[in-house]
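Numbered according to this note's numbering, the sequence shown spans residues 3 to 133.
Beta carbons: idealized from backbone N, C-alpha and C, even for Gly.
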Amino acid sequence: MGFKPYSYLIFLLSDSSWDMIDFAERLKLKFSAPNTRIEASDQVTIMTMDSWSFRIYYNQDPSVVEESAEIAQAYAVDHVDKERIATCSRRLETSGDADPDMDYFNDVMIFLEWVETEYEVAVFDSQEGFL
């Protein structure tokens, strides 16, 4: 897999239903600056700041649970939610436009902190492991 800017896997650890439209509405409350636009469909939420975009995809493909087990075995050895990660069948996957000057790095970190606070999740960075 090639490098994708701001690429994270966000494991949805709760069994509760997931609604991308509701997720986007809650995200709008956090990111309400005039230069920010948030659009959503059933499968993707796109947050655009100025002309830079950050995409959040909902993935519940059958392969997710198999990949979750592999990731948990390799990277979540000491993680408090290792078993829940290993059996996770749904996740969010993120990617952003190129950001060579890291102008939007802080915004992505604020998003990750927000999603960890608002939802039962485990955030995985392929470069750093579980955050």
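Asked	Found
Distance between Gln129 and Met3 (C-alpha atoms, nearest Å)	Since pLDDT at Met3 reaches only 42, below the 50 mark, its modelled position is unreliable, and the value read off the structure follows with that caveat. Roughly 11 Å separates the two Cα atoms.
Within 8 Å, strictly: CB atoms of Ile12 and Val125	yes
Distance CB(Arg93)-CB(Asn61) smaller than 8 Å	yes
Tyr106 to Leu133 span [Cα, whole Å]	18 Å
Inter-stretch contact at 8 Å, needing at least 3 Cβ pairs: the stretch 52-59 / the stretch 95-103	yes
Which listed residue (Leu14, Thr89, Phe113 and Arg86) has its alpha carbon closest to that of Ser34	Phe113
Range of the contiguous alpha helix (DSSP H) that encloses Tyr77	Ser65 to Tyr77
DSSP three-state assignment for Met104, whether helix, strand or coil	coil
Buried/exposed call for Val79, threshold 16 Cβ in 10 Å	exposed
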